[in-house]
DNA sequence: TTGAAAGCGCTACCAG
DNA sequence: CTGGTAGCGCTTTCAA
């Protein structure tokens, strides 16, 4: 435990470099000497070069920092996040690199501490509130960054693997509009950060959280083109990206006289919650009320959810590759992936026309 | 980026210690000087002390290493693992500690490399093949360890948070035996590591993977007590702990003349696969064939699965606490948590008697 | 309150 | 093939 390279070197009367070579560059010494060194190490309880010292010296840690929201559980619970992380982990482990999961606390000061203490070679930012002060620190670190959201947020140096959020949402909106829906509600998370679940009056152009902002604007684009006045659209904030929040949010659109005939959400998880809310009220999805999701998580298909399919594992994998083998050409560090509209049973024509 | 403590010190004509203090011990210098230092840092693009160097000096990294099997996806896919990790992550982040996810490759040499390069203050071993050579290295590291499986594997120094696997399995076996089942199959993963999915002839006392070994022995205990000869029990290996493997394994018990009337599994995930296999064949769970799981993951309830409920998030949380605030008393570092038998619809009396 | 000195444990260069 | 030297960037006594 207290054993170091030096211990072994002294024991055998060789130099530290030689012991170091025994571990890091086996071809630099005779196999015979090497095995004597390894044997001595074994005997003295030396478990190999100290990783921290080695990292300091080499200037490389073999770890990617993954910033997760405040709500750490999400990384392990949200199906989309899970798929993304899986892709990232695959890319990383193929290069013998580990993932350092960093929980970004709400408190700015603590967040900065977490970020500055993180020994990593690169950062992957995924689903992080993009106004958090700790992000500035990350940029200052000067290590490679890949983001999955606002492609502009970190300038051209940062890698980006994402989708055209706005265009994708627009396709959902067009689908709904074409089905004749005019009484529409949108359930979106983090319209208001730190807010409660319920209707909000917010200007789509002023939403802080990039992903939600773009998707809401995409919906608006579609309705504007279809001649549905934006004032008619009910905007409901979900305090979190959870199924329960989806159900709670939906209640605000369903329990009123001018009930919405279509509810668009910013994620499949929220949409599943909306479907729960319909079921409780005896309403039929796709018939009484149309519902759309976003992501196409595995649960979407059995639920018959109409949604946008986006590559999830792939997105994580590409992010990892960008981080570990950054292409020279900056243009190749900005990847916008294709999505597709998947129409299933939860959307149908508006029968109340 | 190339800026170091020294850069700032030189710029301001103060010593390195003072700059260091500005970051690590603000009370050691005048607020005025401190803010001058911080301003200079900002100006020179210095993003604070290098985490690696700091860790080396302090001898502390603020990270827990989590060893995951070869199959990294599992950590993000298996519902039980997800819950466990969530608990662990919660405990860690409450202490501003991060999780370093380490993928343990099948290849021994690569595995040792991954472990020795991991800069962590502690290791949490969860669902790791307990014969892997890299484990020896971990012990040699001399850092705190918590394991979730074989309480003896690492000696009394290692922490342990687990359940009485054998007794828990025995309760499932007794339940099945009491229902009159005599033609029984057991679907277990890693009976044979690296093996294929299918029937195996294995001595329960000789299984290498601890958890599976204990659970299979628990089943045997129950049947022995009920007078069901062990030779009558069909043992089926699942190559992995996956739903598909569960279905594939079940086929071997179902597609034969002397079809099993009960199938016990070592995890809910496998059991869900078994239920899939029943459905495909038009067999009714709990009526034509009884099925049991293990863990009580969220999906178990909607599936009506009879299973053993064990605390999952709790287990992870306790592991984290043990690692970060180890109790003086070694006895308090070995925690055996209670479980309960949850009887649902997938088990019922044997109608073929 | 500030600063000088002494490493933390290792690796990489270069000369032998 | 081997070993001396020179740091990697930081923190922490201890003395001023």
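Chains as they are written, first to last, in the UniProt record's numbering: chain B, 1 to 353; chain G, 1 to 353. Where is the CB? At the ideal position from N, CA and C, for every residue including glycine.
Would you mind sorting residue i into buried or exposed? The rule is 16 or more other CB atoms within 10 Å of its CB.
i, result
"residue 351 of chain G", "exposed"
"residue 148 of chain G", "buried"
"residue 280 of chain B", "exposed"
"residue 54 of chain B", "buried"
"residue 59 of chain B", "exposed"
"residue 321 of chain B", "buried"
"residue 43 of chain G", "exposed"
"residue 257 of chain B", "exposed"
"residue 273 of chain G", "buried"
"residue 6 of chain G", "exposed"
"residue 2 of chain G", "exposed"
"residue 118 of chain G", "buried"
"residue 245 of chain G", "buried"
"residue 206 of chain B", "exposed"
"residue 325 of chain G", "exposed"
"residue 296 of chain B", "buried"
"residue 116 of chain B", "buried"
"residue 30 of chain B", "exposed"
"residue 24 of chain G", "exposed"
"residue 329 of chain B", "exposed"
Keeping to the same chain, check which residues put their C-beta closer than 7 Å to that of residue i; ignore five residues upstream and five downstream.
i, result
"residue 311 of chain G", "337"
"residue 190 of chain B", "209 and 212"
"residue 181 of chain B", "261, 262, 290 and 350"
"residue 197 of chain B", "237, 238, 239, 245, 248 and 249"
"residue 318 of chain G", "161 and 335"
So which residues on chain G does residue i lean against when the C-beta distance must stay under 7 Å?
i, result
"residue 383 of chain B", "With chain B covering 1 to 353 only, the question about residue 383 of chain B has no answer from this structure."
"residue 140 of chain B", "45 and 47"
In chain B, what lies closer than 8 Å to residue i by C-beta?
i, result
"residue 77 of chain G", "82 and 86"
"residue 153 of chain G", "What residue 153 of chain G touches in chain B: nothing, since even the nearest Cβ is about 17 Å away."
"residue 40 of chain G", "Result: empty, since nearest Cβ-Cβ is about 14 Å, beyond 8 Å."
Report the neighbours of residue i on chain G: residues whose CB is nearer than 8 Å to its CB, in chain order.
i, result
"residue 137 of chain B", "47 and 48"
"residue 110 of chain B", "96"
Going along chain B in order, which residues have a C-beta closer than 7 Å to the C-beta of residue i?
i, result
"residue 51 of chain G", "116, 117, 118 and 119"
"residue 56 of chain G", "52, 53 and 56"
First and last residue of the beta strand (DSSP E) that includes residue i?
i, result
"residue 103 of chain G", "98 to 103"
"residue 160 of chain G", "159 to 163"
"residue 237 of chain G", "234 to 238"
"residue 65 of chain B", "63 to 68"
"residue 146 of chain G", "145 to 147"
So, for residue i: in the same chain, excluding its five sequence neighbours on each side, which residues have a beta-carbon less than 6 Å away from its beta-carbon?
i, result
"residue 170 of chain B", "218, 221 and 222"
"residue 86 of chain G", "313"
"residue 83 of chain B", "312 and 313"
"residue 168 of chain B", "308 and 339"
"residue 125 of chain G", "67 and 147"
Between which two residues does the alpha helix (DSSP H) harbouring residue i extend?
i, result
"residue 189 of chain B", "Where residue 189 of chain B is concerned, there is no enclosing alpha helix (DSSP H), although the beta strand (DSSP E) it sits in stretches over 184 to 189."
"residue 37 of chain G", "31 to 44"
"residue 8 of chain G", "5 to 12"
"residue 153 of chain B", "Here residue 153 of chain B belongs to no alpha helix (DSSP H), and DSSP marks it neither H nor E."
"residue 23 of chain B", "16 to 24"
"residue 220 of chain G", "210 to 226"
"residue 51 of chain B", "51 to 58"
"residue 87 of chain G", "79 to 93"
Applying a beta-carbon distance threshold of less than 9 Å, which residues of chain G neighbour residue i?
i, result
"residue 61 of chain B", "51, 52, 117 and 119"
"residue 188 of chain B", "Those do not exist, as residue 188 of chain B stays about 25 Å from chain G at its closest Cβ, beyond 9 Å."
"residue 113 of chain B", "96"
"residue 262 of chain B", "Going along chain G, no residue has its Cβ under 9 Å from residue 262 of chain B, so there is no contact; the nearest lies around 27 Å."
Can you list, in chain order, the residues of its chain with a C-beta nearer than 8 Å to that of residue i? Leave out the 5 residues immediately preceding and following it.
i, result
"residue 214 of chain G", "165, 166 and 169"
"residue 363 of chain B", "Because chain B here runs from 1 to 353, residue 363 of chain B falls outside it and cannot be looked at."
"residue 33 of chain B", "14, 18 and 22"
When every heavy atom of the ligand GTP is checked, does at least one fall within less than 7 Å of the C-beta of residue i?
i, result
"residue 96 of chain B", "Ligands are entirely absent from the displayed structure, and the ligand GTP is therefore not among its contents."
Item to check | Completely contained alpha helix (DSSP H) runs for the stretch 241 to 270 of chain G, where each covers 4 or more residues | outcome: 243 to 254
Checklist entry - In chain order, which beta strand (DSSP E) runs of at least 3 residues are fully inside the stretch 268 to 351 of chain G? => result 290 to 292, 307 to 309, 334 to 337 and 340 to 342
Checklist entry - Where are the alpha helix (DSSP H) runs, 4 residues long or more, that stay fully inside the stretch 102 to 137 of chain G, in chain order? => result 108 to 117
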